[in-house]
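Going by the numbering used here, the first residue of the sequence shown is number 1, and it counts up by one from there. By construction, the Cβ of each residue, glycine as well, lies at the ideal position given by its N, Cα and C atoms. This structure is a prediction, so every number in the text was calculated from the model and none was measured. These notes are about the structure you will find just below.
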Amino acid sequence: MKFISYAQNFEDVMLWRALKHISEGFYIDIGAQHPTIDSVSKAFYDVGWHGVHVEPSPVYAELLRKERENDLIIQAAISDHCGMIDFFEVKDTGLSTGIEQYANQHINEMKWDVKKSIIPCVTLDAILEKVKPKEIHWLKIDVEGMEDLVFKGWNLEYKPWVVVVEATKPNSQELSIEWEELILLKNYKYVYFDGLNRFYLSNNHLELENFFSYPPCVFDNFTKNCPDFE
């Protein structure tokens, strides 16, 4: 049976290649957005995995609640503290952000409608304390410029096997990895760049490194999901 990829850049194919031997695994998807379109977790959920979705947009958070009954949905932003932050929602995109500079760029350059609000924020540590997972097989971080804040709020000794971080500036191919030292100091090794995301392996699971030595290919036996956008 072919693996069905839903992720925008075949992130799920790379993760499945390395982790398909795990049954009923666990993931944390930060900046989850839609439960199907461009979803990194959809294919895993369909084969019995479960986990946590963190999504600040009320529209996408509600869609996740409806379609992911076995997952925990946290409607908040991730930051380096628990409290409230300014949030700039770019409707019908995955570009909503807590960074005003990027929001202004979307307004000025793309003429997109951006709605400012004040929303809850939590740390990754707070989520880990709540869930207390035995294992985290993968962690995905897609937070539109707030990556350093996510890492600064992660101090507990939970170590996902694989961490995937969007590594370019929003809506750009320009690499932005000022935060990288923060994850390397947590005993992770950079293993792969797909043009959009950087993949890191925990030093406890470097046996998986060879799975990240080449991009998705015909031998991964996958097909791309083609959703109906109407």
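When the alpha-carbon of Ile177 is set against those of Lys186, Pro58, Ala167, the nearest one is in Ala167. Using a Cβ distance threshold of 8 Å, Arg198 and Val162 do not count as a contacting pair.
Look at the segment 113-190 and you find these whole runs of beta strand (DSSP E), each 3 residues long or longer: 114-122, 138-141, 162-166.
Distance from Phe26 to Ile136 at the Cβ level is roughly 6 Å; contact confirmed, criterion being Cβ atoms closer than 8 Å.
The shortest C-alpha to C-alpha distance from Cys82 to any of Phe44, Ser172, Gly153, Ala7 is the one to Gly153. DSSP places Leu72 in no alpha helix (DSSP H) but in the uninterrupted beta strand (DSSP E) bounded by 72-74. Contact check between the segment 51-64 and the segment 180-197: fewer than three CB pairs, one atom from each, fall below 8 Å, which does not count as touching.
In this structure, the CA atom of Pro56 is about 34 Å from the CA atom of Asn221.
Rounded to whole angstroms, the gap between the alpha carbons of Arg68 and His34 is 11 Å. Met1 sits exposed, since fewer than 16 C-beta atoms from the chains shown fall within 10 Å of its C-beta. Between the alpha carbons of Arg17 and Met84 lies a distance of about 38 Å.
A residue is called buried when at least 16 other Cβ atoms come within 10 angstroms of its Cβ; Gly145 meets this threshold and is buried. Contact holds between the segment 7-22 and the segment 179-194, because three or more Cβ pairs, one in each stretch, are under 8 Å apart.
In this structure, the CA atom of Asn155 is about 10 Å from the CA atom of Ala126.
A straight-line Cα-Cα distance of about 11 Å links Lys132 and Glu157.
Restricting attention to alpha helix (DSSP H) runs no shorter than 4 residues, the segment 28-57 encloses them at 42-46, ordered along the chain. Measuring C-alpha to C-alpha distances from Glu147 to each of Lys159, Ala77, Trp179, Asp71 identifies Trp179 as the nearest. Per DSSP, reduced to three states, the secondary structure at Lys20 is coil, with no helix or strand assignment.
Taking a 10 Å sphere around the C-beta of Tyr45, we find 16 or more other C-beta atoms and assign the residue as buried.
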